[in-house]
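Chains as they are written, first to last, in our numbering: chain P, 5 to 174; chain B, 5 to 174. Each residue gets a CB set at the ideal place from its N, CA and C atoms; glycine is no exception. If you're wondering where the values come from, they're calculated on a predicted model, not measured in any experiment.
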DNA sequence: AAGGTAGGTTTCCTGAGGAAACCCTACCCA
DNA sequence: TGGGTAGGGTTTCCTCAGGAAACCTACCTT
């Protein structure tokens, strides 16, 4: 979370970043989607301060990304589940994981494999064009003003993507 | 950036989140990839504190995500360009933008359109299986331990993804 | 009655984030 | 030769978010 709120900015990345653009929220979503849904389990798994965990969870609930649900009455026990909006963060997490795998995995390779149940293979995520199915990259895409545009910070839209230097994954 | 460093954790999302898991770094990368590469331009466009901008830029340079480059000698002027590692964050940004578009775009629709130059259409990113090309979702994927696994915080790997509740994009 | 577990809340401290002013070099120009 | 401006930061000062650890409240078990 930034101190400078980005909620009013006309940029979907800024608006998304305002809500889930902090490391703990991303890791909480990862855990919840993977089945770690209880307060104590999250605290233990992440090593996060319990105060911050409580704050993040209530923000995520406020935003409709998680719901707090009682799963047992005696004794009363609650856990946190992802809503549809929360599950739609999966591509963000996959993209981050893939990037982390490529640039930070050690000698031994990545710590986790993703298996695609539909085709049965261990796989990696590819960001593809909804239209033609081929990969989207900085080189083959450009940004154009949309219908919801208006001037303001973080709103500048320029021509074809530029500005790169070669490097290889280590 | 978290105070609790996540760099040592065996989880690619955690390691990625440690580096770019903060709103400003994500927005800086967005700007740089779109052609806003100079200090003052970034400061103005983002409305970020100049101190924080300087800190983020040097972290991103340290991590090999950006390079600082002189683009003019008289007078000496520098700017920041994305490396290959930096450009590979594009899928993360696209995923975030897409999520922001779906859940935070107003009546008028999203502020920016992505045009895929290869097929010529305005498009949206789809997170697809590198193997079979169909979409990856929480429902059709599962996580398995990888070769680089070892015990520690944020490393738990469970069975098929569970824990969801229905909602529709607003 | 003592101890354990789940799910937080409170307290206190440190340091990251923000605003605004300041600095330095290098032009540009009269 | 002095003044103005632009780029690219750095410094100062303040506030508030993040972290550690203790505490609290039900409820259950032995």
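Between the options, which has its C-alpha nearest residue i's C-alpha?
i                      : options                      : result
residue 14 of chain B  : P:41, P:111 and P:137        : P:111
residue 104 of chain B : P:102, P:92, P:101 and P:122 : P:92
residue 31 of chain P  : B:10, B:125 and B:58         : B:10
residue 99 of chain B  : P:125, P:19 and P:8          : P:19
residue 83 of chain B  : B:74, B:137 and B:150        : B:74
residue 28 of chain P  : B:29, B:128, B:7 and B:39    : B:7
residue 136 of chain B : P:125, P:76, P:116 and P:141 : P:125
residue 127 of chain B : B:141, B:118 and B:97        : B:118
residue 150 of chain P : B:81, B:39, B:90 and B:116   : B:116
residue 123 of chain B : P:109, P:138, P:123 and P:61 : P:138
residue 61 of chain P  : P:76, P:90 and P:80          : P:90
residue 97 of chain P  : B:38, B:34, B:152 and B:141  : B:141
Whole angstroms is fine: what's the gap from residue i's alpha carbon to residue j's?
i                      : j                      : result
residue 114 of chain P : residue 78 of chain B  : 46 Å
residue 86 of chain B  : residue 71 of chain B  : 6 Å
residue 143 of chain B : residue 107 of chain P : 27 Å
residue 130 of chain B : residue 64 of chain P  : 24 Å
residue 148 of chain P : residue 41 of chain P  : 40 Å
residue 101 of chain B : residue 53 of chain B  : 23 Å
residue 50 of chain B  : residue 88 of chain P  : 30 Å
residue 67 of chain P  : residue 23 of chain B  : 25 Å
residue 25 of chain B  : residue 95 of chain P  : 15 Å
residue 17 of chain P  : residue 36 of chain B  : 14 Å
residue 21 of chain B  : residue 81 of chain B  : 31 Å
Give the secondary structure of residue i by DSSP, where H, G and I count as helix, E and B as strand, and everything else as coil.
i                      : result
residue 4 of chain B   : Since the displayed chain B opens at 5 and closes at 174, residue 4 of chain B lies outside it and no answer follows.
residue 96 of chain B  : helix
residue 9 of chain B   : coil
residue 78 of chain P  : coil
residue 40 of chain P  : coil
residue 32 of chain P  : helix
residue 118 of chain P : strand
residue 21 of chain P  : helix
In the DSSP assignment, what are the bridge partners of residue i?
i                      : result
residue 83 of chain B  : B:73
residue 130 of chain P : B:132
residue 139 of chain B : B:132
residue 26 of chain P  : B:26
Under the criterion of a Cβ to heavy atom distance below 7 Å, does residue i qualify as lining the ligand MG?
i                     : result
residue 57 of chain B : The ligand MG is not part of this structure, which contains no ligands at all.
Next on the checklist: Whether or not the region 55 to 63 of chain B and the region 27 to 47 of chain B are in contact is what I'm after, with contact meaning three or more pairs of Cβ atoms, one per stretch, closer than 8 Å; do they touch?
Outcome noted: yes
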